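Heads up: the sequence lines are chains A and B, in that order.
Numbering of the first sequence is given in this note's numbering, commencing with residue 1 and proceeding in unit increments.
Numbering of the second sequence is given in this note's numbering, commencing with residue 85 and proceeding in unit increments.
Cβ atoms here follow ideal geometry from the backbone N, Cα and C, with glycine treated the same way.
As the structure is a computational prediction, the values presented were derived from the model and not from experiment.
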Amino acid sequence: MPQTGATLVDLLDRVLDRGVVINADIIISLSGVPLIGIKLRAAIAGMETMVQYGMMRDWDQSIRANATIGDRPLRGRAASGITA
Amino acid sequence: MSLSSIGPGTASTAPEPDTERAARYVYCLAAIGEPASLGAIGIEGREVYTVVHRSLGALVHDGPPRPYETRDQEQAAGWVLAHHRVVEAAWQRWGTVLPMTFNTLIAPAEKGAHDSLLAWLGTEHDSLKRRLDAFAGKAEYGVQVSWNTAHFARQVAQTDPEVNALEKQIGSQSRGLAYMYRQRLESLVRKGVEARAALEFKELYSRISQCVDQARIEKTRVAEGEWAMLLNLSCLVSVGRVPGLKAQLDRIESTDGLSVRLAGPWPPYSFC
């Protein structure tokens, strides 16, 4: 079975470099804003190790606990992630 | 398009009066029927809520009209992860999302960021809805195949007739000549391995891409020791095809000298 762990480095690439870009004048321009991605890979790799060793698990869970709407909690992290 | 022409069906969580001059940081878009609040799960704990036009909603927070920038890498990593967590929460709740790129901010122009966003959702409604629908039941995965260069170098050395012939000649040469032969041998093996890499790449790409809806070739990352990344793909996969992809990856993983990494599922960041 191949490894299935989602790595933060893979995510980082996507969140920073991908996703929908709005091409309209309602957007605040990013020109002149230095890309924060360059050295971020190293930082993320460090955090990933922390997550692996459980150091950030509590923090992660508390963030998820916050994502509760009234008494209806968000679905847990589904294995497939797709609920459509 | 003027706001008055948006008409009935437009609804949103009303902005706080003191945030009228604030920008709207947009995390993602989703097919959202009823306005909702997701709580303080945003970047730096900001309240995330929806701005909904007809059945299309944006997940946003109210914040200063400046892009996020910092030299503190840990802070930056926290922001990027927070962005993703909101997208993921929306993905789990509404099923399909169009994730925005990091630092997407709607400016507080004369009519305010809230109204600008609503107007934009109105103008783009149909095309955004079509894009959303195209991602229904699909997720992005990262597939990376690494190969053991030492293993394949040995294989080339054992099977390439030119390499074999040269190896036999080395023993009968003087020290100086043997050195030159060895240099030539190394170069032959290197070329053989490169040719093999090109073949393996084509073969792997073909095997993997036929198991997914769309495959996008990414740059490979730096090698770790004997293992070098041969293939790095972003794949858009229908939920029903995931078992088939995993079975194919298992077969690749069971090949000597190849190692597979599967990451995801994620919202379709690379296919928006």
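Margin query: Using the Cβ count rule (16 or more neighbours within 10 Å means buried), how would you classify B:Ala347?
Written below: Here residue 347 of chain B is taken as the residue at index 263 of the second sequence, counted from 1. With 16 or more other Cβ atoms within 10 Å, it is buried.
Note to self: By the DSSP assignment, the beta strand (DSSP E) with B:Met313 in it spans what residues?
What the structure shows: Taking the second sequence and counting its residues from 1, one reaches residue 313 of chain B at position 229. It spans 311 to 322 - the beta strand (DSSP E) in which B:Met313 sits, taken as one unbroken run.
Checklist line | Three CB pairs or more closer than 8 Å across the stretch 185 to 199 of chain B and the stretch 104 to 115 of chain B | finding: Three or more pairs of CB atoms, one per stretch, sit closer than 8 Å, so the stretch 185 to 199 of chain B contacts the stretch 104 to 115 of chain B.
Item checked: Contacts that B:Phe236 makes with chain A (C-beta to C-beta distance below 7 Å) -> One-based indexing of the second sequence puts residue 236 of chain B at position 152. For B:Phe236, no chain A residue has a C-beta closer than 7 Å to its own C-beta; the minimum C-beta separation is roughly 20 Å.
Notebook entry, point to check: List, in order along the chain, the chain A residues whose C-beta lies closer than 9 Å to that of B:Pro183?
Noted result: Taking the second sequence and counting its residues from 1, the one referred to as residue 183 of chain B is at position 99. Neighbours of B:Pro183 on chain A, chain order: Arg14, Val15, Arg18, Gly19, Val20.
Check: What residue does the alpha helix (DSSP H) around B:Asp146 start on, and which one ends it?
Finding: Here residue 146 of chain B refers to the residue found at position 62 when the second sequence is read from its first residue. No alpha helix (DSSP H) contains B:Asp146, which is instead part of the beta strand (DSSP E) from 140 to 147.
Note to self: Is there a C-beta anywhere in chain A that falls below 7 Å from the one on B:Ala191?
What the structure shows: As a working note, residue 191 of chain B is residue 107 in the second sequence. Cβ-Cβ to chain A under 7 Å: yes for B:Ala191.
Next item on the list: Using a Cβ-Cβ cut-off of 7 Å, state whether B:Gly324 counts as contacting chain A.
Entry: Taking the second sequence and counting its residues from 1, one reaches residue 324 of chain B at position 240. No, its Cβ sits nowhere closer than 7 Å to a Cβ of chain A.
Notebook entry, point to check: Does the beta carbon of B:Phe285 sit closer than 7 Å to a beta carbon anywhere in chain A?
Noted result: As a working note, residue 285 of chain B is residue 201 in the second sequence. No, B:Phe285 lies away from the interface with chain A (no Cβ there is under 7 Å from its Cβ).
Next item on the list: Label B:Glu224 either buried or exposed according to how many other C-beta atoms from any shown protein chain fall within 10 Å of its C-beta, with 16 as the threshold for buried.
Entry: As a working mapping, residue 224 of chain B is identified with position 140 in the second sequence. By the 16-neighbour rule on beta-carbons within 10 angstroms, B:Glu224 is buried.
Check: Which whole runs of the alpha helix (DSSP H) in the stretch 264 to 351 of chain B are 4 residues long or more, in chain order?
Finding: Within the stretch 264 to 351 of chain B, the complete alpha helix (DSSP H) runs of at least 4 residues are 326 to 337.
Check: What residues from chain A crowd round B:Asn232, counting only those whose CB sits closer than 9 Å?
Finding: Taking the first residue of the second sequence as 1, we reach residue 232 of chain B at position 148. Taking a Cβ-Cβ cut-off of 9 Å, B:Asn232 has no neighbours in chain A, whose nearest Cβ is about 16 Å from it.
Next item on the list: Please check the pair A:Ile28 and B:Pro119, which I expect to be a contact at CB under 8 Å, by giving their CB distance rounded to whole angstroms.
Entry: Position 28 of the first sequence, counting from 1, holds the residue named residue 28 of chain A. Position 35 of the second sequence, counting from 1, holds the residue named residue 119 of chain B. At roughly 24 Å, the Cβ-Cβ gap does not stay under 8 Å, so A:Ile28 and B:Pro119 are not in contact.
Notebook entry, point to check: If we cut at 7 Å on Cβ distances, does B:Ala174 have a partner in chain A?
Noted result: Numbered from its first residue, the second sequence carries residue 174 of chain B at position 90. No, no contact with chain A.
Notebook entry, point to check: Could you check where the beta strand (DSSP E) with B:Gly226 kicks off and where it finishes?
Noted result: Position 142 of the second sequence, counted from the start, is the residue given in the question as residue 226 of chain B. In the DSSP assignment, B:Gly226 falls within the unbroken beta strand (DSSP E) covering 222 to 232.
Notebook entry, point to check: In angstroms, rounded to a whole number, what distance separates the CA positions of A:Asp58 and B:Arg238?
Noted result: Translated into the one-based positions of the first sequence, residue 58 of chain A becomes position 58. Translated into the one-based positions of the second sequence, residue 238 of chain B becomes position 154. Low confidence applies here, because A:Asp58 scores a pLDDT of 41, under 50, leaving its location unreliable; read the following figure in that light. Each residue's Cα considered, the two are about 47 Å apart.
Checklist line | Strand pairing of B:Ser200, partner residues [DSSP] | finding: Here residue 200 of chain B is taken as the residue at index 116 of the second sequence, counted from 1. According to DSSP, which records beta bridges pairwise, B:Ser200 is partnered with nothing at all.
Check: Thinking C-beta only, is B:Leu314 closer than 7 Å to B:Val229?
Finding: Within the second sequence, numbered from 1, the residue matching residue 229 of chain B stands at position 145. Within the second sequence, numbered from 1, the residue matching residue 314 of chain B stands at position 230. Contact: yes.
Check: In the DSSP assignment, what residue or residues form a beta bridge with B:Gly123?
Finding: Here residue 123 of chain B corresponds to residue number 39 of the second sequence, with the count starting at 1. Answer is B:Val132.
Next item on the list: With 7 Å as the threshold, decide whether the Cβ of B:His367 is near any Cβ in chain A.
Entry: Since the first residue of chain B shown is 85 and the last is 356, residue 367 of chain B is not available in this structure.
Next item on the list: Less than 8 Å between the CB atoms is what I'm expecting for B:Cys112 and B:Val171, so what's the real figure, rounded?
Entry: Numbered from 1 along the second sequence, position 28 holds the residue referred to as residue 112 of chain B. Numbered from 1 along the second sequence, position 87 holds the residue referred to as residue 171 of chain B. Right, the Cβ-Cβ distance comes to about 5 Å (below 8 Å), so this counts as a contact.
Margin query: Counting only beta-carbon separations shorter than 7 Å, does B:Val164 have a partner in chain A?
Written below: For the purposes of this step, residue 164 of chain B is identified with residue 80 of the second sequence, where counting begins at 1. Answer yes: the Cβ-Cβ gap between B:Val164 and chain A drops below 7 Å somewhere.
Item checked: Same chain, Cβ closer than 6 Å to B:Arg305, neighbours up to 5 away in sequence not counted -> Position 221 of the second sequence, counting from 1, holds the residue named residue 305 of chain B. Taken in chain order, the residues that qualify are Met313.
Next item on the list: Determine the chain A residues that contact B:Tyr353 at a beta-carbon separation under 8 Å, and present them in chain order.
Entry: For the purposes of this step, residue 353 of chain B is identified with residue 269 of the second sequence, where counting begins at 1. Neighbours of B:Tyr353 on chain A, chain order: Arg14, Val15, Arg18, Gly19.
Next item on the list: Report yes if the CB atom of B:Gln298 is closer than 7 Å to the CB atom of B:Leu333, and no otherwise.
Entry: Indexing the second sequence from 1 puts residue 298 of chain B at position 214. Indexing the second sequence from 1 puts residue 333 of chain B at position 249. It is not a contact, given that the beta carbons lie outside the stated cut-off.
Checklist line | Interfacial residues, the stretch 199 to 211 of chain B to chain A, with Cβ spacing under 9 Å | finding: The residues in question are Ser200, Leu201, Ala203, Trp204, Thr207, Glu208.
Next item on the list: For B:Pro245, name the three-state secondary structure that DSSP assigns.
Entry: As a first step, residue 245 of chain B must be located in the second sequence, where it is residue number 161. In the structure shown, B:Pro245 sits in a helix (DSSP, three-state: H, G or I).
Check: Taking 7 Å as the CB-CB cut-off, is B:Ala347 touching chain A?
Finding: Working through the second sequence from its first residue, we reach residue 347 of chain B at position 263. Yes, because at least one Cβ of chain A sits closer than 7 Å to the Cβ of B:Ala347.
Notebook entry, point to check: Quick one: does B:Cys356 have its CB under 7 Å from some CB of chain A?
Noted result: The residue labelled residue 356 of chain B in the question sits at position 272 within the second sequence. Judged by the 7 Å Cβ criterion, B:Cys356 is in contact with chain A.
Next item on the list: Consult DSSP for B:Ala107 and reduce its assignment to one of helix, strand or coil.
Entry: Working through the second sequence from its first residue, we reach residue 107 of chain B at position 23. Three-state result, B:Ala107: strand.
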